[in-house]
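According to the working numbering, the sequence shown is numbered sequentially starting from 3. Even glycine gets a Cβ: it sits at the ideal position worked out from N, Cα and C. Please read all numbers here as calculations on a predicted model, not as lab measurements. The next block holds one structure in the form of structure tokens; read it before the comments.
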Amino acid sequence: MTDLNPQAKQMADESMVRNLAAQARAIWPQEAPLIRRYALPAEPRILDAGCGTGEGASRLAVLFPQARVLGVDIIDEHLELARSRYASLASRLTFDHRSVYALAAADLSYDLTVCRHVIHSIPYPDRVVAELVRVTRSGGYLHIIAEDYGMLHFQRGALDPRDFWHLAPASFGAATGTDLFIGRNIFGILAAMKLEQIRVDYVVVDTLRVPRETFAAILEAWRDGYVEPIGELTPITRQSALAYFDQMIASVRDPYQYAVWMVPVASARVPSGAD
Ligand SMILES: C[S@@+](CC[C@H](N)C(=O)[O-])C[C@H]1O[C@@H](n2cnc3c(N)ncnc32)[C@H](O)[C@@H]1O
3 MTDLNPQAKQ MADESMVRNL AAQARAIWPQ EAPLIRRYAL PAEPRILDAG CGTGEGASRL
63 AVLFPQARVL GVDIIDEHLE LARSRYASLA SRLTFDHRSV YALAAADLSY DLTVCRHVIH
123 SIPYPDRVVA ELVRVTRSGG YLHIIAEDYG MLHFQRGALD PRDFWHLAPA SFGAATGTDL
183 FIGRNIFGIL AAMKLEQIRV DYVVVDTLRV PRETFAAILE AWRDGYVEPI GELTPITRQS
243 ALAYFDQMIA SVRDPYQYAV WMVPVASARV PSGAD
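And the structure:
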């Protein structure tokens, strides 16, 4: 149960390493100001749950120079890469093999618990959020990037990308027991847990705010990692998925076209007395 990761193959692929780097380049400039709003102590303890290659954890360590940051994941290759990439921060930034379903941290340990781009890809996101709350101290904050594959929009060409985004995520989610529309459902999960100061903000990855090549790199990495399983798990064939991605990538690179990915960023405060 604790190692549930139905996208384990895609998560461990080299295309995912590229994707996480491109996503961080696209998203962090708008995400960092959201994180700065949290009222954190001078030397915050921060957890990055499902840290991957450490893109978020390392940026958190730089953003808060007095912080101690722990990144956890279940893919050892990602953890190794993170340790070697960010060795210069090792006195304050560590990486450990732990599952987000069972964080093995003492209750109420963290001032800020971050979980970026994870809960859309694994089953029982509500259990993960409960675990994140358990390890966050009273008055501490949760910060969750909850992807939603109904929030991508591209102009139509020979193909209509609306058809792809209507069909692919719904059937991929059904086949893997995951909610690829968790962005619109995360508010309800946080509200049911009686958390305070619940917000859903948006990072706007579009062709005006983000360099086109960065946006294109995200789509290329998705294409390279996902056309195979889309062909296996959804009514869309591998060939057709490839054609949709290639058209969307060309559209993002076309200076006369506009495309947007709205990325929900949910946050909440753990009330005093939750312990
Ligand atoms: C799309 S990546 C996001 C990585 C990182 N948070 C970032 O923003 O760059 C999702 C990560 O969640 C991890 N993951 C999946 N299931 C997990 C589990 N049960 N426990 C811990 N990590 C998990 C995957 O191994 C992968 O590294």
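Own chain, CB closer than 8 Å to residue i, minus 5 neighbours either side, in chain order
i      : result
Arg214 : Val254, Arg255, Pro257
Arg186 : Asp150, Gly152, Pro266
Arg158 : Arg164
Ser274 : Ser140, Gly141
Phe66  : Leu42, Pro46, Ile48
Contact test: residue i Cβ vs ligand 1 heavy atom, cutoff 6 Å
i      : result
Met13  : yes
Gly54  : yes
Glu57  : yes
Val102 : yes
Val212 : no
Leu114 : no
Val135 : no
Arg118 : yes
Asp2   : There is no way to answer for residue 2, as the model of the chain reaches only from 3 to 277.
Leu305 : Because the chain is modelled from 3 through 277, residue 305 falls outside the range shown and cannot be assessed.
His122 : no
His80  : yes
Contacts around residue i, its chain only, beta-carbon distance under 7 Å, and the 5 residues preceding and following it disregarded
i      : result
His119 : Gln25, Ile147, Glu149
Glu79  : Ala14
Ala23  : Glu57
Arg27  : Thr216
Tyr88  : Gly56, Ser60, Leu95
Residue span of the alpha helix (DSSP H) that contains residue i, given as start and end
i      : result
Leu49  : Per DSSP, Leu49 belongs to no alpha helix (DSSP H); it is in the beta strand (DSSP E), 47-51.
Ser173 : 163-178
Ala24  : 16-38
Tyr204 : Here Tyr204 belongs to no alpha helix (DSSP H); instead the beta strand (DSSP E) covers 198-208.
Ser86  : 78-87
Pro266 : Counting along the chain, Pro266 falls outside any alpha helix (DSSP H), though it belongs to the beta strand (DSSP E) covering 261-271.
Limits of the beta strand (DSSP E) - the one that residue i falls within
i      : result
Phe97  : 95-99
Ser2   : The requested residue 2 does not occur in the structure, where the chain is confined to residues 3 to 277.
Asp150 : Per DSSP, Asp150 belongs to no beta strand (DSSP E) and is neither H nor E.
Leu62  : That residue, Leu62, is in no beta strand (DSSP E); its alpha helix (DSSP H) goes 57-65.
Thr115 : 112-118
Val254 : Careful: Val254 lies outside any beta strand (DSSP E), inside the alpha helix (DSSP H) at 240-255.
Asp75  : 70-75
Phe156 : 154-156
Candidates the options, of which the one nearest residue i by Cα
i      : options                        : result
Asp303 : Ala41, Ile37, Ala44            : With the chain covering only 3 through 277, there is no way to say anything about residue 303.
Ser111 : Arg27, Ser93, Glu133, Ile200   : Glu133
Arg129 : Arg158, His99, Ile188          : Ile188
Met264 : Leu182, Leu154, Ala252         : Leu154
Ser269 : Val212, Tyr143, Pro231, Ala92  : Tyr143
Pro43  : Leu62, Gln68, Ala176           : Gln68
Leu81  : Val116, Met195, Asp98, Asn21   : Asp98
Ile184 : Val212, Val116, Tyr126, Ala160 : Tyr126
His145 : Ala10, Ser17, Leu62, Pro237    : Leu62
Gln9   : Val137, Ala176, Ala106, Ala107 : Ala176
Phe174 : Ile76, Arg136, Pro237          : Pro237
Phe156 : Ala252, Arg39, Arg271          : Ala252
Leu105 : Asp75, Ala89, Thr239, Gln12    : Asp75
Gln241 : Ala108, Ser60, Ile77, Phe166   : Phe166
Gly52  : Phe66, Tyr88, Val102           : Val102
Ser90  : Val64, Ile77, Met195           : Val64
Cβ neighbours of residue i in the same chain (closer than 6 Å, five flanking residues each side left out)
i      : result
Asp208 : Val262
Asp277 : Residue confidence for Asp277 is low, a pLDDT of 45 falling below 50, so the modelled location carries little weight and cannot support an answer.
Val19  : Thr55
Arg70  : Arg47, Arg94
Thr96  : Leu72
Ser17  : Ala223, Asp226, Gly227
Gln259 : Gln157, Ser253
Gly179 : Pro125
Arg271 : Tyr143, Glu198, Gln199
Does the count of Cβ pairs from the stretch 169-183 and the stretch 234-252 closer than 8 Å reach three?
-> Because the criterion of three Cβ pairs below 8 Å is met, the stretch 169-183 and the stretch 234-252 touch.
Between the stretch 198-205 and the stretch 27-46, do at least 3 Cβ pairs fall closer than 8 Å?
-> The answer is yes - the stretch 27-46 touches the stretch 198-205, with three or more Cβ pairs under 8 Å.
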